[in-house]
Every structure is written in structure tokens, then in C-alpha cells.
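First up is the structure itself, then whatever we jot down about it.
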Amino acid sequence: MRSPLIPEMATQEVQLNETLVHLKTESETLKSKLEEERAKLHDVELHQVAEKVEGLGQFVMKTRRTLKGHGNKVLCMDWCKDKRRIVSSSQDGKVIVWDAFTTNKEHAVTMPCTWVMACAYAPSGCAVACGGLDNKCSVYPLSLDKNENLAAKKKSVAMHTNYLSACSFTNSDMQILTSSGDGTCALWDVESGQLLQSFHGHAADVLCLDLAPSETGNTFVSGGCDKKANVWDMRSGQCIQSFETHESDINSVRYYPSGDAFASGSDDATCRLYDLRADREVAIYSKESIIFGVSSVDFSLSGRLLFAGYNDYTINVWDVLKGTRVSILFGHENRVSTLRVSPDGTAFCTGSWDHTLRIWA
Amino acid sequence: MSGKTCSSSSSSSSVIHAQKLVDQLRVEASMERIKISLTAADLVRYCQDHRRSDPLLTGIAASSNPFKDKKTCVLL
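First to last, the sequence lines map onto chains A and B.
Residue numbers are given in the numbering used here: position 121 of the first sequence equals residue 432, and the series is strictly consecutive.
Residue numbers are given in the numbering used here: position 67 of the second sequence equals residue 1154, and the series is strictly consecutive.
Here's what the structure looks like:
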């Protein structure tokens, strides 16, 4: 039953509903216009432009090192800029720093939570960041003294309201970018722990992020369970481009080395390439025989090869320009969960649910 | 504006949400886009320009790749 005050409220409500209808119509019109504009530019396919490019020969890539030491699934890894050290994190809460040349463990930290889903090396090589089910991103300075307890110097930087899915230092040790199951990304000042910028727009968990190569300016791309990949302006917090062509969660995003495109890997078993200046998807890397999700992707230095780790334990190597698969690599005994090419492009590292990391070259 | 009914305040939050969506779409629609024939040519050119300095592509010799084991070893 409504009270006698209602006449004004009823009018307000009618007005609000009218505004809502008007806005919905406008958003539908804008969406169609966007699709039309994008379609106009689709004058040719990437592989057609690449027809005259020489095909790639046979690739012989093998496991050159196996890093054993984690007691459970490896979830994430990152290279140090020195091209030999690696940080990895695991479901058992352990974060380990390795010398990939010798396979020796240099540092180990036990986090207070399990499922450490994200880890990153600081550009200076002097610290690592990690987090997961604790909803935080913490930074550990690495000590030269191997006996020192790293956990004592731990600094909590980021606080989300759900799990931390990915983290990355920006081009210095001073700022960290995070993504979370709470649907947001955020930029933090490491020293003070202050939130510098937050990024809202995903409709579900954000699973991955990648920063644009420094020459191309202050943007980053994120991918989520809403099947969208969003490109963000780091200074304003604005989403500047959005791509929704995947049919399932996007687990990994990585910029093409020139910064003009990015690749994504999804639970829909495909990898895709999105051209930022054409504002659309320009290639799909898939095969009928590949039915398991892609967990992680990375480019070789020239951008010609795309390495992708899959939930069927394999790594597929794709010719980015021609859209064909050039190699399939076996070795892991469970899902490949993380994959990164080394900073000088001489090798790539994979982490797996089989508890190991492998270096391939 | 006190005393709003529940349905009215959820209408106004729907309106705020819808307005944000429209604003976001306007930003995206205003972008200047370039034809794929041009942008794809740039992607191809980048690959070609950098192919010689891509060790995983060209396959570098064991002697210069720290991860590939060298055949000989020196006994001290």
C-alpha cells in the first residue's frame, strides 16, 4: 500500500524509468554504431597481408632445465631483468626465487595463504611481489644474506576485496598494478601502500593484465571472466577500448612487442590477436583438435611466434602472421599454468600443476 | 530527497549505471580507427625488421645460448 506522499514520488519514478529507457536505447544505438565502424575497417585478414612472408621451418625446442622444489601446483612465474633469475609461486603458499642457469634455489618464502596466484619480479631485481587468496599483494625485498628471514621485511601494498589474480611492477620498483577477483584493477604506490588509481569496468573477476611496452605510453590491458579484454589509460582510470570476441574466460593477455596489438588466451581453447589501431580482432589461433583452455600466452622477441600453454599439458607454438601452428611441445605432466619468454628472448619458462617449472630453448 | 521508496532508489541506481554505460560507449565510439590493411602491414613489418634478433625464431647456437649445454667441458 502506498502512502499519501506518493504523487511526487510516483512522478519521479516515472521520470526515472523514462530516462532509463532513453539511456538503454542510446546504448544500443552506440553499440551498433561501434560494430559498424569496426566492420568498415575489416578490408583484409592478417594472414592475407602476410602471404608474401616466408614460412617458418621446423622448430626444435626442448626442455633445457627442470626446476623442482615446489610441493604443489605452480601457479605463476616471472623473469628477472638479469635474464637468469626466476620467481615462482605455488598453491602450497611457497614463493621461490631460482637461478635458472644452475637450477639452484636462491630464496624461499612461505606466504600466510595458499594459492599464491600472482608473483612478479621488481625491475631492479631487488624485490618480488606476490599474493593470492589473501586478497593482498605484498612486496618482499630480496636479501643478499641467504639466511635472512625474508618474511620479516614483508610489506603489504595492495588490498582487494577478493583474490589477487595478477600483479606487475610498472617501469620502476615504486608502483604495482594489480588485478583481482573483485572485478577491479588497481595501481598502488609501493612505499606508502596508497591506492593511486582504480580501474572499474569488468563485470566479473579480472584474471590477467599486461603493461604496454614503455615506448607506447601509459596503458595496460586486462582480461576477465566476463570474456572481455579492456585497455585502460593508467592516469585517468578510463577504459579506452574493449574487446569481447572470446567465448569464455580470458586467462592471459600479452602485448605484441611493438605495443600496437595484444594476444589473449582463453578457456574457449583459442588465442586471439587484437589490433589496437584497427580496434578489432585480427586473428584467431585455434584448431578443431585443441579443445582445452589456454592458460597463458607470450610472444617471442620479434612478435612472430606466440607460445601458448594449455590445460591439456601441452605448449602450442603459433605463427602469429600466418595463423598456423608451427610446433607442439610435450613434457609437463599436468596443466601448464604460466608461461613467460625470457627478457632477452633466448628461452621461455613454463610452470605447471605438475609442481615443476621448465625452461625451453 | 528523503523518503524515497525502495523501487525509486533502485531505479535511480539503474539510471546511474546506464548513464555510465552510455558515457563509456561514447568514449569508445569516438576513437579514430585505421584500416586493417594498413595496421596489419605494420605488424608484419615489425616482425620482419626484428626477425634476426629473435633467438627463439632463428635458433641460436649452443655456444651463445646459456640454456643450451655446450658439448665440450674443461676438466681442471
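Just so it is clear, CB atoms sit at the ideal spot from N, CA and C, and this is done for glycine as well.
Query, Result
"Please tell me whether Ser1099/B has its Cβ less than 9 Å away from any Cβ of chain A.", "yes"
"With 16 other CB atoms within 10 Å as the buried threshold, where does Lys447/A fall?", "buried"
"Counting pairs of Cβ atoms below 8 Å between the segment 648-667 of chain A and the segment 1121-1135 of chain B, do you hit three or more?", "no"
"To the nearest angstrom, report how far apart Pro524/A and Pro568/A are at their CA atoms.", "7 Å"
"For Gln486/A, tell me which candidate among His471/A, Cys437/A, Glu502/A has the shortest Cα-Cα distance.", "Glu502/A"
"Would Leu640/A and Trp664/A qualify as a contact pair, given that the criterion is a beta-carbon distance under 9 Å?", "no"
"What residues of chain B sit near Cys582/A, judged by a beta carbon separation below 7 Å?", "Under the 7 Å cutoff, chain B gives no residues; its nearest Cβ is about 15 Å from Cys582/A."
"Closer than 9 Å, CB to CB, is Ser1140/B near chain A or not?", "yes"
"Can you tell me whether Asn460/A is helix, strand or coil according to DSSP?", "coil"
"List the DSSP bridge partners of Met388/A.", "Ser399/A"
"Answer yes if the segment 367-385 of chain A comes into contact with the segment 395-403 of chain A, meaning at least three C-beta pairs across the two stretches below 8 Å, and no otherwise.", "yes"
"What are the start and end residues of the alpha helix (DSSP H) that includes Tyr1133/B?", "1123-1137"
"DSSP state of Asp521/A, grouped into three classes?", "strand"
"Would Asn482/A be called buried (16 or more neighbouring beta carbons within 10 Å of its own) or exposed?", "exposed"
"Is it right to say Gln326/A is buried, meaning 16 or more other beta carbons lie within 10 angstroms of its own, or is it exposed?", "exposed"
"Quick check on Ser533/A: buried or exposed, where buried means 16 or more other Cβ atoms within 10 Å of its Cβ?", "buried"
"Tell me the rounded alpha-carbon separation between Thr495/A and Ser1150/B.", "46 Å"
"Nearest to Leu1108/B by alpha carbon, out of Glu324/A, Gln323/A, Asn328/A, Lys342/A?", "Lys342/A"
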